[in-house]
Structure formats: C-alpha cells, structure tokens
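Here the structure is laid out as structure tokens; the discussion comes afterwards.
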Amino acid sequence: MTTSTHSIDYDIKKAADQYAERIFCQSDDKCEIVSMLKADAQKRVYHDMVNYPDEFKDKPKLLHVEPWDGKKPSGPRDFLSKKTVVLPSLPQILIQIKRVINDPKSTADDLVAIINKDPKLVASVLRLANSEAFNLSATIDTPSKAVALLGVQKAGLLALGTVSFSMFKKSKIAVLELEKFWKHSIACGIIAQEIARTANLGDPEPFFVSGLLHDIGVHVIFESERSLAVELIRIANEKQISFYDAEVEVLGFNHAVLGGILSQDWELPPNLVKAAAGHHDPETIKIDIEAAVIHVADYFASALGYELGLSLVIGSLDKNALKTIGITPSQFTELIPKLRVLIDETFKTLNQD
Ligand SMILES: [Fe+2]
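Numbered according to our numbering, the sequence shown terminates at residue 427, and the numbering increases by one at each position without gaps.
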C-alpha cells in the first residue's frame with residue numbers, strides 16, 4: 075500500500091468510526107452488547123463507505139413538501155381522528171382469519187379454505203413458510219401442508235401477519251422508504267423469533283409476527299402527515315436523537331402508542347398489541363416479555379444496518395429488557411453472526427418471484 079492510499083484508508087476508517095459513534099450516541103457503550111454491536115457497525119460502515127460511497131452523500135431535500143403547520147394533536151386519539159389520517163380498512167379476509175384463530179373449534183380445513191381464496195396470500199404464506207426464517211424440515215408447496223406442519227394457531231397468526239403487513243406495503247408518498255420499512259420489519263421479526271428461541275420463550279413464530287407489525291404506527295404517521303414526517307426527520311437529525319425521541323418532543327407521544335391503539339382497534343391478538351404499544355415504553359418493557367423482545371429486536375435490527383433510515387441515531391438499548399428476557403451477553407454474542415446470515419437469506423427467498 076502506498077502512503078497516499080494508506081492515508082485515504084485511514085481517513086475512511088476514521089469517518090466510519092465517527093459515523094458509528096453517531097449511530098450509538100444515545101446508547102450506553104459500557105453495556106457489553108452495545109459495544110459488540112458498535113464494533114460490528116464500525117466494520118460494516120467502513121465496508122459500505124469503501125464500496126458504496128454514494129450512500130453517504132447528503133440526500134436531496136424534498137422541495138415540494140409544505141412546512142409542518144405546527145398544530146400539535148392533544149393526544150394519539152386526536153391525531154388518529156384527523157382528516158388527513160387515512161387508515162387502511164380491514165380486509166374481509168383478515169376478519170375471517172381472526173375468527174379462526176379465536177375459535178378453538180376451528181379446524182385446519184377452515185384456515186386452508188380462507189388462505190386458498192386469495193392467491194396472493196397463498197404465495198406469501200408459502201414463501202414465508204419456506205424461508206430460512208422458519209427452518210421447517212419439509213418443502214411446503216401447499217397451504218394445507220403449511221397448516222399441518224405449523225398448526226392452525228401458528229399458521230393462522232402467520233397469515234394474519236402477512237395480510238396486515240401487506241396493507242402497509244403500498245404508499246402514496248416517498249418520504250418513508252418502503253424497502254427500508256419492509257426490511258426493518260422482517261429483520262425485527264427474525265431477530266425477535268431467534269431471541270425467543272434462545273431464551274426458550276415457547277413458540278417463536280408469534281414473535282416473528284409481532285416484529286413484522288411492531289412499527290405500523292410509523293407508517294401511519296408518514297402516510298397521513300407528510301409535512302410532520304419531514305419535520306420529525308429534521309428534528310431527529312438536527313438534535314442527533316432517535317426518531318421516536320423526536321416524535322415525543324414534537325407530538326408528546328410516539329409511533330408505538332399509535333400502533334398499539336390501531337392494533338387494538340383492529341382486535342389483533344393481545345401479544346401483537348402489547349409488542350406494538352410497549353416496545354419503546356420503559357415501564358412495559360420491565361414486565362412484559364413481548365414488549366421486551368421486540369424492543370431488543372428493534373434495536374438489534376437497526377444496529378445491524380436494517381434501520382428505517384429516518385434518523386442516524388438508533389436510541390438506547392433498555393437494560394431492563396435484557397433482564398426481562400433473561401439471556402446472557404454471551405448468548406447474544408453467539409446470536410449476532412447467525413442473525414445477519416439468516417436475515418439476508420430470508421430476504422433473498424422473499425424477493426424471489
Ligand atoms: Fe419502533
């Protein structure tokens with residue numbers, strides 16, 4: 075290596091370290107898990123700065139967005155009742171799936187009949203069931219096989235997650251990068267599932283669905299109030315705080331509260347409601363396993379580079395969440411390299427046409 079390439083390399087390394095410092099500036103790096111994730115991020119950012127330098131250039135400003143009118147809602151309910159807030163209406167199929175999950179007398183045939191009515195749902199369920207995230211021993215080529223292997227409850231929940239998530243896949247506006255939203259949600263689902271498996275928390279699949287749906291509140295904000303969304307991003311980046319801290323500062327509540335209300339109004343299963351509502355709430359995280367797992371999975375997903383792209387700062391990792399889950403830092407250390415492989419493999423499977 076010549077002196078000049080050596081010094082360019084040194085400069086990139088320094089820039090990558092500073093960038094990673096900013097990502098973790100609200101995190102306690104005395105925490106073993108945080109410092110492990112930070113070291114991992116330094117390497118990843120350095121690699122990306124060398125290979126994809128354009129990613130780190132300033133993004134063009136959204137010129138055609140009106141400034142936010144500064145009208146603060148009096149609370150989350152007030153926000154959701156605004157004229158600008160358009161919530162996706164519940165598709166009939168979701169109601170039918172919920173009925174099957176809630177009725178102990180439902181049979182596998184009842185669920186298969188519902189899934190089979192919608193070719194898109196069939197494709198999504200099969201793709202997901204065959205992905206690395208689920209690691210089922212046999213190839214699943216029909217919904218009835220998926221239901222037979224997973225059971226009515228788990229397959230029903232999976233179908234419910236798929237339908238709910240697909241409602242948030244379309245967007246009228248480009249402020250929220252949908253690909254990032256999709257990747258963050260899937261990554262969070264996979265991480266939550268693997269944490270649940272490592273901590274022996276029972277069935278891991280419901281945690282996957284909770285991870286998939288945990289940030290629906292973010293989507294609602296972006297879909298409803300574009301000017302507000304741009305303002306939140308501006309505040310988060312100017313003050314170098316997480317996106318959810320910016321929400322609290324501007325609105326007085328965050329997307330988790332919105333997601334909780336929404337999923338409750340839709341009568342989604344209680345584990346999904348708790349995960350969406352509680353994943354940024356320190357008091358809930360202390361006592362609720364769902365909220366604790368999703369909090370950690372959300373943090374891990376962002377720390378590993380599958381972030382929403384709204385603020386560089388990922389917020390803090392709540393130590394109480396680690397206590398609630400009860401897995402050791404060394405178990406997390408073992409998990410991290412496996413997670414990236416699993417997430418990237420799952421993306422590949424889900425992206426295949
Ligand atoms: Fe969140």
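Where is the CB? At the ideal position from N, CA and C, for every residue including glycine.
Please report the Cβ distance between residue i and residue j, rounded to the nearest whole angstrom; I am assuming they are in contact, meaning their Cβ atoms lie under 8 angstroms.
| i | j | result |
| --- | --- | --- |
| residue 195 | residue 221 | Contact doesn't hold; Cβ gap of about 13 angstroms is too wide. |
| residue 399 | residue 269 | 6 angstroms |
| residue 214 | residue 375 | The pair is not a contact, with the Cβ atoms about 26 angstroms apart (cut-off 8 angstroms). |
| residue 401 | residue 273 | 5 angstroms |
| residue 114 | residue 410 | 7 angstroms |
| residue 387 | residue 315 | 6 angstroms |
| residue 421 | residue 257 | 7 angstroms |
| residue 287 | residue 346 | 6 angstroms |
| residue 180 | residue 119 | With a Cβ gap of about 48 angstroms, residue 180 and residue 119 do not count as contacting. |
| residue 91 | residue 116 | 6 angstroms |
| residue 100 | residue 276 | Contact flag wrong, Cβ pair sits at about 32 angstroms. |
Do residue i and residue j have their C-beta atoms within less than 8 angstroms of each other?
| i | j | result |
| --- | --- | --- |
| residue 380 | residue 261 | yes |
| residue 394 | residue 368 | no |
| residue 424 | residue 205 | yes |
| residue 110 | residue 86 | no |
| residue 291 | residue 350 | yes |
| residue 378 | residue 414 | yes |
| residue 321 | residue 328 | yes |
| residue 228 | residue 279 | yes |
| residue 324 | residue 309 | yes |
| residue 326 | residue 146 | yes |
| residue 217 | residue 171 | no |
| residue 403 | residue 107 | yes |
| residue 282 | residue 207 | yes |
| residue 164 | residue 174 | no |
| residue 142 | residue 240 | no |
| residue 112 | residue 103 | yes |
When the Cα of residue i is compared with those of the options, which residue comes out closest?
| i | options | result |
| --- | --- | --- |
| residue 200 | 183, 179, 184 and 223 | 223 |
| residue 341 | 188, 231, 197 and 310 | 231 |
| residue 385 | 84, 96, 90 and 166 | 96 |
| residue 293 | 166, 191, 332 and 339 | 332 |
| residue 344 | 102, 113, 209 and 284 | 284 |
| residue 353 | 366, 361 and 346 | 366 |
| residue 158 | 226, 198, 298 and 91 | 298 |
| residue 140 | 208, 304 and 177 | 304 |
| residue 252 | 99, 226 and 289 | 289 |
| residue 89 | 127, 100, 105 and 103 | 127 |
| residue 153 | 93, 235, 164 and 336 | 336 |
| residue 419 | 144, 209 and 319 | 209 |
| residue 319 | 219, 355 and 148 | 355 |
| residue 406 | 212, 338, 295 and 271 | 271 |
| residue 373 | 313, 263, 131 and 357 | 263 |
| residue 363 | 338, 397, 339 and 235 | 397 |
| residue 94 | 130, 295 and 125 | 130 |
| residue 151 | 138, 177 and 338 | 338 |
| residue 295 | 98, 267 and 330 | 330 |
| residue 198 | 235, 187 and 212 | 235 |
| residue 412 | 267, 242, 361 and 192 | 267 |
If we define contact as Cβ-Cβ less than 8 angstroms, is residue i a contact residue for chain B?
| i | result |
| --- | --- |
| residue 316 | Annotation note: the requested chain B is absent from the structure, which comprises a single protein chain. |
Is residue i near ligand 3, going by C-beta to nearest heavy atom under 7 angstroms?
| i | result |
| --- | --- |
| residue 353 | You won't find ligand 3 in this model; what it holds is ligand 1. |
What runs of the alpha helix (DSSP H), each 4 residues or longer, lie entirely inside the stretch 148-218?
150-154, 166-176, 182-190 and 193-204
Give, in chain order, every unbroken run of the beta strand (DSSP E) that is at least 3 residues long and sits entirely within the stretch 339-363.
none
Curious, which full-length alpha helix (DSSP H) runs of at least 4 residues does the stretch 239-312 contain?
252-272, 279-287 and 290-298
Tell me the start and end of each unbroken alpha helix (DSSP H) in the stretch 376-401 that is at least 4 residues and wholly inside, in chain order.
393-399
Alpha helix (DSSP H) segments (min. 4 residues) lying fully within the stretch 93-145:
106-125
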